[in-house]
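J.: Mind looking over this structure? Questions follow.
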Amino acid sequence: MNANVESHAIDLAGSSVRELNSALHALKEGSNASLWRIANPRGLHAIAAGVDAPVTVEIDGPVGYYCGGMNKQATIIVRGSAGVGVGENMMSGLIHVEGDASQAAGATAHGGTLVIEGNAAARCGISMKGVDIVVKGSVGHMSAFMAQSGSMVVFGDAGEALGDSIYEARLYVRGSVASLGADCIEKEMRDEHRQELFERFKSAGVNGQIDPSEFKRYGSGRTLYHFHVDNASAY
Amino acid sequence: MNEHFKAPPIPATLPRESATFDAYTMSEIRRAAATGIYDIRGAGAKRKVPHFDDLLFLGASISRYPLEGYREKCGTDVVLGTRFAKKPIELKTPVTIAGMSFGSLSGPAKEALGRGASAMGTSTTTGDGGMTQEERGHSKTLVYQYLPSRYGMNPDDIRKADAIEVVVGQGAKPGGGGMLLGQKISKRVAQMRNLPEGIDQRSACRHPDWTGPDDLEIKIEELREITDWEKPIYVKVGAARPYYDTALAVKAGADVVVVDGMQGGTAATQEVFIEHVGIPTLAAIRNAVRALQDLGMHRKVQLIVSGGIRNGADVAKALALGADAVAIGTAALIALGDNDPALDEEYRALGSRAGAYDDWHEGRDPAGITTQDPELMKRLDPVKAGRRLANFLAVMTLEAQTIARACGKSHVHNLEPEDLVALTIEAAAMAQVPIAGTDWVPGLTGRF
Amino acid sequence: MCGIVGLFLKDKALEPKLGEMLSGMLDVMCDRGPDSAGFAVYGSGESGKIKLTLRAPEGFDFAALGKTLGDDVTVSVRGTHAVVSAPAAREAEIRAIVAKTKDVAVVGAGQRMELFKEVGLPSEVAERFELSKMTGTHGIGHTRMATESAVTTNGAHPFSTGADQCLVHNGSLSNHRSVRRDLDRAGVPVQTDNDSEVAAGYLTWRMNQGRTLGEALEDSLDDLDGFYTFVVGTETGFGVIRDPIACKPAVMAETDQYVAFGSEYRALAGLPGIENAKVWEPEPAKAYFWDRAAA
Numbered sequence: 001m002n003a004n005v006e007s008h009a010i011d012l013a014g015s016s017v018r019e020l021n022s023a024l025h026a027l028k029e030g031s032n033a034s035l036w037r038i039a040n041p042r043g044l045h046a047i048a049a050g051v052d053a054p055v056t057v058e059i060d061g062p063v064g065y066y067c068g069g070m071n072k073q074a075t076i077i078v079r080g081s082a083g084v085g086v087g088e089n090m091m092s093g094l095i096h097v098e099g100d101a102s103q104a105a106g107a108t109a110h111g112g113t114l115v116i117e118g119n120a121a122a123r124c125g126i127s128m129k130g131v132d133i134v135v136k137g138s139v140g141h142m143s144a145f146m147a148q149s150g151s152m153v154v155f156g157d158a159g160e161a162l163g164d165s166i167y168e169a170r171l172y173v174r175g176s177v178a179s180l181g182a183d184c185i186e187k188e189m190r191d192e193h194r195q196e197l198f199e200r201f202k203s204a205g206v207n208g209q210i211d212p213s214e215f216k217r218y219g220s221g222r223t224l225y226h227f228h229v230d231n232a233s234a235y
Numbered sequence: 001m002n003e004h005f006k007a008p009p010i011p012a013t014l015p016r017e018s019a020t021f022d023a024y025t026m027s028e029i030r031r032a033a034a035t036g037i038y039d040i041r042g043a044g045a046k047r048k049v050p051h052f053d054d055l056l057f058l059g060a061s062i063s064r065y066p067l068e069g070y071r072e073k074c075g076t077d078v079v080l081g082t083r084f085a086k087k088p089i090e091l092k093t094p095v096t097i098a099g100m101s102f103g104s105l106s107g108p109a110k111e112a113l114g115r116g117a118s119a120m121g122t123s124t125t126t127g128d129g130g131m132t133q134e135e136r137g138h139s140k141t142l143v144y145q146y147l148p149s150r151y152g153m154n155p156d157d158i159r160k161a162d163a164i165e166v167v168v169g170q171g172a173k174p175g176g177g178g179m180l181l182g183q184k185i186s187k188r189v190a191q192m193r194n195l196p197e198g199i200d201q202r203s204a205c206r207h208p209d210w211t212g213p214d215d216l217e218i219k220i221e222e223l224r225e226i227t228d229w230e231k232p233i234y235v236k237v238g239a240a241r242p243y244y245d246t247a248l249a250v251k252a253g254a255d256v257v258v259v260d261g262m263q264g265g266t267a268a269t270q271e272v273f274i275e276h277v278g279i280p281t282l283a284a285i286r287n288a289v290r291a292l293q294d295l296g297m298h299r300k301v302q303l304i305v306s307g308g309i310r311n312g313a314d315v316a317k318a319l320a321l322g323a324d325a326v327a328i329g330t331a332a333l334i335a336l337g338d339n340d341p342a343l344d345e346e347y348r349a350l351g352s353r354a355g356a357y358d359d360w361h362e363g364r365d366p367a368g369i370t371t372q373d374p375e376l377m378k379r380l381d382p383v384k385a386g387r388r389l390a391n392f393l394a395v396m397t398l399e400a401q402t403i404a405r406a407c408g409k410s411h412v413h414n415l416e417p418e419d420l421v422a423l424t425i426e427a428a429a430m431a432q433v434p435i436a437g438t439d440w441v442p443g444l445t446g447r448f
Numbered sequence: 001m002c003g004i005v006g007l008f009l010k011d012k013a014l015e016p017k018l019g020e021m022l023s024g025m026l027d028v029m030c031d032r033g034p035d036s037a038g039f040a041v042y043g044s045g046e047s048g049k050i051k052l053t054l055r056a057p058e059g060f061d062f063a064a065l066g067k068t069l070g071d072d073v074t075v076s077v078r079g080t081h082a083v084v085s086a087p088a089a090r091e092a093e094i095r096a097i098v099a100k101t102k103d104v105a106v107v108g109a110g111q112r113m114e115l116f117k118e119v120g121l122p123s124e125v126a127e128r129f130e131l132s133k134m135t136g137t138h139g140i141g142h143t144r145m146a147t148e149s150a151v152t153t154n155g156a157h158p159f160s161t162g163a164d165q166c167l168v169h170n171g172s173l174s175n176h177r178s179v180r181r182d183l184d185r186a187g188v189p190v191q192t193d194n195d196s197e198v199a200a201g202y203l204t205w206r207m208n209q210g211r212t213l214g215e216a217l218e219d220s221l222d223d224l225d226g227f228y229t230f231v232v233g234t235e236t237g238f239g240v241i242r243d244p245i246a247c248k249p250a251v252m253a254e255t256d257q258y259v260a261f262g263s264e265y266r267a268l269a270g271l272p273g274i275e276n277a278k279v280w281e282p283e284p285a286k287a288y289f290w291d292r293a294a295a
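Chains as they are written, first to last, in the UniProt record's numbering: chain G, 1 to 235; chain B, 1 to 448; chain S, 1 to 295.
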């Protein structure tokens with residue numbers, strides 16, 4: 001670790017999430033890179049939400065809803081499981097959940113990388129708008145619902161209705177897919193996609209350990225792009 | 001038989017059109033049969049529903065004393081977001097501009113709304129699709145809508161906003177999502193929404209990461225954390241069960257509740273939704289106010305009412321029934337120049353006419369307001385249109401003041417339900433005020 | 001709309017701590033439901049005896065009522081509630097006496113179940129009834145943010161519509177008026193305005209027809225519309241089900257010692273050995289249940 005890194009410790013058993021977040025929000029562009037260690041998160045909500053600085057936040061335990069919500073720049077590591085909407089609407093930076101993630105992980109996120117070591121529950125990547133999501137376990141039903149752009153890589157299985165009403169997001173699943181949602185189809189895996197998987201593996205810290213050819217690619221059939229009566233059952 | 005006898009002609013019955021199958025209904029059946037697509041249009045409910053016109057004020061005379069117009073003070077200012085926000089919004093008039101998206105409206109139209117509202121010291125509101133420079137730059141006070149789609153949602157804009165409005169529903173379509181047709185997904189709109197250009201965009205009906213009031217409470221807490229508890233958080237609902245929805249918004253931690261009646265406009269929604277789901281604005285207000293009163297929060301959590309507000313009398317009536325402010329959408333667009341008779345010929349070329357044009361989603365608006373066509377939008381001069389809106393807002397405010405003074409009030413917020421009577425049984429029941437000249441309030445039960 | 005918790009012990013050694021664990025879980029769910037709270041605990045029971053949990057206004061003289069009920073009846077008072085323990089054969093007779101006593105209502109009945117609920121902040125409600133001192137094998141609890149029915153004790157959860165059966169619910173049913181009419185015709189009347197009591201009544205009705213708890217939960221997927229997570233208790237069983245859309249939050253944890261349910265992880269954070277528990281979110285439309293009798 002760089003000797004210049006300033007380190008802070010906040011114990012949420014004594015301090016409030018408000019105190020933590022206002023300290024994190026006070027960090028401005030160009031401030032020293034710093035490391036924030038957070039103890040006793042106990043499933044509390046909105047931990048490290050709205051950070052906009054290139055800092056590292058290490059949270060020692062499970063977090064509640066919306067951890068790292070709207071994150072910009074920061075690296076947020078959750079040493080435990082994450083509640084609903086981890087990294088919701090993230091813009092940039094990295095969120096790494098070492099346990100499982102609840103529903104709507106990475107919902108509407110515009111950028112950055114979300115890595116989940118365990119499983120993600122329902123609606124992972126719902127309405128995602130550019131984020132790269134890597135789930136090393138499996139994802140629940142309705143994942144990537146209305147996903148607009150970005151990528152989702154699932155090492156395990158996907159639940160029912162994967163990619164329902166998907167736009168241009170790219171989905172890669174290694175295991176089984178319980179069912180595909182409306183207008184989501186399997187697509188050809190080309191070199192550019194294998195290249196993208198390599199990149200994602202790198203960001204998830206499993207560079208060279210996994211063979212991209214084990215994955216299948218899914219995306220939009222684009223039949224719902226223009227409203228038509230023959231698709232009525234899909235609406 | 002006399003060959004010269006001529007039988008009298010049999011009296012013919014006149015051709016009779018069905019009240020059930022009227023010309024409009026039949027045209028809609030034919031259209032549906034030809035296309036297989038339900039009708040999508042803009043604007044709010046067009047059917048006649050009980051409205052503010054069915055209420056009258058009891059002006060002062062001997063038992064009450066009126067205030068002198070133009071001389072004796074009658075305040076119109078309103079502060080929104082006093083419950084939790086460090087920086088509540090202070091407006092000079094209780095008439096605000098409702099949420100309308102860039103995408104459904106052109107850039108110049110959004111700029112004109114900002115100019116008009118700012119000139120009158122009131123707020124404008126973004127819509128589905130994010131915040132534009134035109135609108136932030138020209139709006140002194142801007143409310144940023146937080147919608148299920150989260151198109152263009154980002155923390156920089158949320159911090160630039162003066163308030164955040166969590167949109168749960170709209171009066172035109174409580175329980176429904178949206179549909180913006182491909183013609184309006186221009187390059188810029190597509191970019192702002194992270195969508196492929198030219199596709200028919202569907203908007204979700206529920207938020208992606210919360211459902212229900214218990215989770216809304218956690219969502220509001222997150223938004224407050226992100227904005228360091230500075231900005232008022234509004235919760236907007238379409239009027240359907242306003243008592244419960246208002247109470248739950250308050251319990252979830254809202255600073256301001258916005259209740260939008262069924263006449264409230266929309267950019268693009270199924271006609272069947274617009275005309276058949278939700279309740280009239282008039283029927284929603286008292287129940288929303290009662291929820292606030294039951295929780296001891298009336299005037300502490302402010303209530304904004306919208307849906308068919310057209311003039312200062314509507315404003316005064318909404319305030320008398322207990323609202324703190326109103327929002328206008330359709331009326332503001334008309335002030336900008338929407339449906340102007342001068343454009344009648346062009347509206348007719350589109351199969352409509354001035355005053356009836358509602359195909360806002362098609363992007364061919366000759367007024368340059370509900371369009372993304374670069375040529376059409378040039379037609380709207382945002383400075384002149386903004387001035388028209390400012391004038392209109394000034395008139396509405398003056399009208400509301402005039403009525404308040406006539407009722408002896410030194411502030412428009414001192415208008416009360418007891419200052420009103422109703423002309424019809426329906427309006428009396430919905431507004432919970434007596435029929436004029438009686439003390440009879442129909443429909444008043446122990447529960448209400 | 002609420003917070004719900006449930007705890008089913010596998011390890012007998014934890015039974016003295018059931019109330020303490022459950023009250024810790026309930027405490028942190030206050031934010032999700034500040035209006036009222038309630039819980040049901042499956043404690044000791046004797047065969048041939050019935051426990052009736054009664055509710056009455058503050059200050060009601062339960063001791064006097066106990067005397068009129070007879071010598072073979074014991075009454076243990078907890079705040080506004082009292083648990084009457086009596087020979088099972090006398091249930092109908094005692095219910096008739098209670099029915100005639102002003103302001104007193106039976107909120108739960110069974111061989112082992114005791115049920116307490118009250119308006120107020122959940123942590124205070126739990127304290128008022130001394131939940132932390134209760135012992136038992138399993139229990140469920142609820143904190144309520146009322147949606148469409150009134151903030152009253154009657155509207156508080158759990159709802160019990162059958163002997164040793166109770167249910168807590170997070171969500172909102174969209175067809176409960178129709179189901180209520182069906183239940184009325186089937187002879188399982190629903191007393192309150194609350195949609196959750198309809199769900200409880202529905203499961204009771206199904207189990208009366210011979211369905212197991214697990215089967216009854218599966219049946220509910222066909223017949224109950226809307227959004228729901230139910231946690232239910234029976235004399236020996238504990239079950240969880242979520243609707244097929246599964247929007248309302250739910251987290252479960254299992255160790256060798258217990259199975260626990262919480263609307264959020266926060267509710268489970270204080271449980272012993274939670275760091276090493278198997279923690280997961282129940283799948284939509286899948287019935288989960290544990291039964292001591294089967295074990």
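Here a beta-carbon is modelled for each residue, glycine too, at the ideal position from N, C-alpha and C.
Just to check, is the beta-carbon of Pro155(B) closer than 6 Å to a non-hydrogen atom of the ligand COA?
T.: With respect to the ligand COA, the structure shown offers nothing to examine, as it has no ligands at all.
J.: Take Leu58(B) as the anchor and find which of Ile403(B), Ala431(B), Ala428(B) and Ala429(B) has the nearest alpha-carbon.
T.: Counting from one through the second sequence, the residue named residue 58(B) turns up at place 58. Considering only alpha carbons, the answer is Ile403(B).
J.: With 16 other CB atoms within 10 Å as the buried threshold, where does Ile10(G) fall?
T.: Start at 1 with the first residue of the first sequence, and residue 10(G) comes out as number 10. By the 10 Å Cβ count, Ile10(G) comes out buried.
J.: Please state whether DSSP places Tyr228(S) in a helix, a strand or coil.
T.: Along the third sequence, read from residue 1 onward, the residue named residue 228(S) stands at position 228. Tyr228(S) falls in the strand class under three-state DSSP.
J.: State yes or no: is the C-beta of Leu393(B) within less than 7 Å of the C-beta of Met120(B)?
T.: Here residue 393(B) refers to the residue found at position 393 when the second sequence is read from its first residue. Here residue 120(B) refers to the residue found at position 120 when the second sequence is read from its first residue. Contact: yes.
J.: Pick helix, strand or coil for His411(B), following the three-state DSSP scheme.
T.: Start at 1 with the first residue of the second sequence, and residue 411(B) comes out as number 411. Note: His411(B) maps to strand in three-state DSSP.
J.: Compile a chain-ordered list of the residues in the segment 90–104 of chain G whose CB is closer than 9 Å to at least one CB of chain S.
T.: Listed by position, the residues of the segment 90–104 of chain G near chain S (Cβ gap below 9 Å) are Gly99, Asp100, Ser102 and Gln103.
J.: Would you kindly work out how many angstroms separate the C-alpha atoms of Val151(S) and Asp54(B), rounded to a whole number?
T.: Taking the first residue of the third sequence as 1, we reach residue 151(S) at position 151. Taking the first residue of the second sequence as 1, we reach residue 54(B) at position 54. When rounded, the distance between both Cα atoms is 35 Å.
J.: If you draw a straight line from the C-alpha of Val168(B) to the C-alpha of Leu216(B), how long is it?
T.: The count along the second sequence starts at 1 and reaches residue 168(B) at position 168. The count along the second sequence starts at 1 and reaches residue 216(B) at position 216. Approximately 10 Å between the Cα atoms of the pair.
J.: So if DSSP puts Cys2(S) in a beta bridge, which residue, or which two residues, is it bridged to?
T.: As a first step, residue 2(S) is located in the third sequence; it is residue number 2 there, counting from the start. Beta-bridge pairing links Cys2(S) to Arg144(S).
J.: Contact defined as beta carbons within less than 8 Å: I believe Ile164(B) pairs with Tyr146(B). What is the distance between those atoms, to the nearest angstrom?
T.: On the second sequence, residue 164(B) is found 164 positions in, with the first residue counted as 1. On the second sequence, residue 146(B) is found 146 positions in, with the first residue counted as 1. Indeed, because the Cβ distance is near 6 Å, the residues count as touching under 8 Å.
J.: Can you tell me the Cα-Cα spacing of Ala216(S) and Ile309(B), whole angstroms?
T.: Position 216 of the third sequence holds residue 216(S). Position 309 of the second sequence holds residue 309(B). Answer to the nearest angstrom: the Cα atoms are 51 Å apart.
J.: Decide if Ile62(B) is buried, meaning its Cβ has at least 16 other Cβ atoms within 10 Å, or exposed.
T.: By 1-based counting over the second sequence, the position of residue 62(B) is 62. Exposed: under 16 other Cβ atoms inside 10 Å.
J.: Identify, in the order they occur along the chain, each residue of the same chain with its Cβ nearer than 6 Å to the Cβ of Val240(S), setting aside the five sequence neighbours on each side.
T.: Here the question's residue 240(S) lines up with position 240 in the third sequence. These residues qualify, in order along the chain: Val231, Phe261, Pro282 and Tyr288.
J.: For the segment 127–140 of chain B against the segment 106–115 of chain B, do three or more pairs of beta-carbon atoms, one drawn from each stretch, fall closer than 8 Å, so that the two count as touching?
T.: Touching, yes, given that three or more Cβ pairs across the two stretches are closer than 8 Å.
J.: May I have the straight-line CA-CA distance separating Tyr24(B) from Val5(S), to the nearest angstrom?
T.: Here the question's residue 24(B) lines up with position 24 in the second sequence. Here the question's residue 5(S) lines up with position 5 in the third sequence. Approximately 55 Å between the Cα atoms of the pair.
J.: Given a limit of 8 Å on CB to CB distance, which residues of the segment 66–77 of chain G reach chain B?
T.: So the close ones are Tyr66, Gly69, Met70 and Lys72.
J.: According to DSSP, is Asp54(B) helix, strand or coil?
T.: Your numbering for residue 54(B) matches position 54 in the second sequence. Asp54(B) falls in the helix class under three-state DSSP.
J.: Spatial neighbours of Arg159(B) within its chain, please: C-beta separation below 7 Å, excluding the five flanking residues on both sides.
T.: In the second sequence, the residue the question calls residue 159(B) occupies position 159. So the qualifying residues of the chain are Thr227.
J.: When the Cα of Leu195(B) is compared with those of Asp157(G), Ala147(G), Gly156(G) and Pro212(G), which residue comes out closest?
T.: Looking up residue 195(B) in the second sequence gives position 195. Measuring from the Cα of Leu195(B), the nearest candidate turns out to be Ala147(G).
J.: Buried or exposed: which applies to Ala64(S), given that a residue is buried once 16 or more other Cβ atoms fall within 10 Å of its Cβ?
T.: Residue numbering aside, residue 64(S) sits at position 64 when the third sequence is read from its first letter. Exposed.
J.: Just curious, the beta strand (DSSP E) that Gly238(B) is in, first and last residue?
T.: On the second sequence, residue 238(B) is found 238 positions in, with the first residue counted as 1. Here the beta strand (DSSP E) through Gly238(B) covers Ile233 to Gly238.
J.: Which residues mark the beginning and the end of the alpha helix (DSSP H) in which Glu118(S) is found?
T.: What you label residue 118(S) is simply residue 118 of the third sequence in a count that begins at 1. Where Glu118(S) is concerned, there is no enclosing alpha helix (DSSP H), although the beta strand (DSSP E) it sits in stretches over Met113 to Val119.
J.: Of the residues Ala190(B), Pro8(B) and Ala267(B), which one's Cα is nearest the Cα of Thr370(B)?
T.: Walking along the second sequence from the start, residue 370(B) turns up at place 370. For the residues Ala190(B), Pro8(B) and Ala267(B), the minimum Cα distance to Thr370(B) belongs to Ala267(B).
J.: Are the C-beta of Val84(G) and some C-beta of chain S separated by less than 7 Å?
T.: Stepping through the first sequence from its first residue, residue 84(G) is reached at position 84. Cβ-Cβ to chain S under 7 Å: yes for Val84(G).
J.: If you follow the beta strand (DSSP E) that Ile279(B) is part of, which residue opens it and which one closes it?
T.: Indexing the second sequence from 1 puts residue 279(B) at position 279. Premise fails: Ile279(B) is in no beta strand (DSSP E) and is neither H nor E.
J.: Any beta carbon of chain B sitting closer than 7 Å to that of Gly61(G)?
T.: The residue you call residue 61(G) lines up with position 61 of the first sequence. It does not; no Cβ of chain B falls within 7 Å.
J.: Quick one: grab the DSSP three-state call for Cys205(B).
T.: By one-based count along the second sequence, residue 205(B) stands at place 205. Three-state DSSP puts Cys205(B) in coil, outside helix and strand.
J.: Give a yes or no on whether 7 Å exceeds the smallest Cβ distance from residue 303(S) to chain B.
T.: Shown here, chain S extends from 1 to 295; a query on residue 303(S) therefore has no answer.
J.: At least one CB of chain G closer than 7 Å to the CB of Asn287(B): is that the case?
T.: Within the second sequence, the letter at position 287 stands for residue 287(B). So, not an interface residue.
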